[in-house]
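In the numbering used here, the protein residues as written are 18 to 395.
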């Protein structure tokens, strides 16, 4: 998979035609969505003017929502689920007032939303927002020009999972399958239900790969994941009472997300999630930077993980422990891997157990022969 890294890096173009790429992708996605809604309407005998007008009303609703949030908070903040609620709500009211077949047109709007967001996520990847967590393969945002764009400083030069691209591909599949549902004459509301369930379930899972630490969390889940669960619950209720066409496997997917949420509240999984949460990764990066100072010092995160660092010949030596005196080998392996990604990209770490649940991580900073068999390659 690492062979994909150079290919993925070529997608990082923060500016296109002297404009921010994300802005170009957002406006391009809006145009694509409106065109797709009108085209599908013509194909199934609905009015392209009504479909296009409803899509345009949704775009205007997005503009008003964005303006309102900027005025109230003083900060430009883009949360897609807010816009989704606005688009579906405004178009539903408009269709009701004009006595149009609501579910049939909302199917078109749902596919248009998926197409617009698929384009928008490509802009997110190019611009560096909504990025993923440190990973062995993915994209790497370099110092120039991304520091000037406000990219997360401790992740500059760190390879990150391309979560924006994966979400865009998933949304593209939703567009294709949703269009198929419409073109093959499935019950009105089928594409809408699939969009809400398909995107909600996919977004819920992909949130575990998001690495932008500024995002708010409530317990073990991000607020976006809680929003996903609300939308999934609403879709399940709508299908069970007959507002939307009933699809059994939709309920299986929704039940899977709910069950996974329940598991996250157990002590063990919750601790592991907290350990890998973006905010804690930022703390680890700061602790590693401070520990790498000329004099040896021990730095500790709010979760109790302790780090010290020193230079030994042509290698960096890190010492890992926990304030409780209890650190598992599994956790040490994950920490060693994270240290490599944050501080020594492209190198390999050797994990050496010490006394009292203390581990040492040796990272050669120059090319050398493979390590002895008794050393674990992380």
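Note that CB positions come from ideal geometry on N, CA and C, so glycine has one too.
Separation of residue 222 from residue 78, as counted between CA atoms: 28 Å
When DSSP labels each residue in this structure, what does residue 5 get in the three-state scheme? Outside the shown range of the chain (18 to 395) lies residue 5, about which nothing can therefore be said.
Which residue or residues does DSSP assign as beta-bridge partners of residue 235? DSSP, once it has assigned bridges, lists 238 as partnering residue 235.
Buried versus exposed call for residue 249 [16 or more other C-beta atoms within 10 Å across all chains shown]: buried
Where does the unbroken beta strand (DSSP E) through residue 152 begin, and where does it stop? 151-157 is the span of the beta strand (DSSP E), which, as asked, contains residue 152.
Among 130, 128, 176, 165, which residue has its Cα nearest to the Cα of residue 148? For residue 148, the nearest C-alpha among the options comes from 176.
Go through its chain and collect everything with a Cβ distance to residue 101's Cβ below 7 Å, but skip five positions before and after it. If we look at residue 101 and ignore the five residues flanking it on each side, its Cβ neighbours are 130.
With DSSP as the reference, identify every bridge partner of residue 339, one or two as the case may be. DSSP output for residue 339 lists 322 as bridge partner(s).
Nearest to residue 67 by CA position, among 121, 38, 49, 96, is which residue? Here the closest residue by C-alpha is 121.
Does the distance from the C-beta atom of residue 212 to that of residue 127 stay below 8 Å? yes
Is the separation between the beta-carbon of residue 308 and that of residue 292 shorter than 8 Å? Their beta carbons are not under 8 Å apart, which means residue 308 does not touch residue 292 by this criterion.
CB residue 451 to CB residue 52, shorter than 8 Å? As displayed, the chain neither begins before 18 nor continues past 395, which places residue 451 out of reach and without an answer.
Between which residues of its own chain and residue 138 is the CB-CB distance below 6 Å, once the five residues before and five after are set aside? 181, 184, 185
Among 205, 22, 134, 209, the one whose alpha carbon lies nearest that of residue 61: 205
Go ahead and label residue 229 buried or exposed: buried means 16 or more other beta carbons lie within 10 angstroms of its beta carbon, across all protein chains shown. buried
Leaving out the 5 sequence neighbours to the left and right, which residues in its chain are closer than 7 Å to residue 373 when beta-carbon positions are compared? Same-chain partners within the cutoff: 342.
According to DSSP, is residue 334 part of a helix, a strand, or is it coil? Residue 334 carries a strand assignment under DSSP once its states are collapsed to helix, strand and coil.
Can you give the beta carbon distance from residue 333 to residue 361, rounded, assuming they're within the 8 Å contact cut? 7 Å
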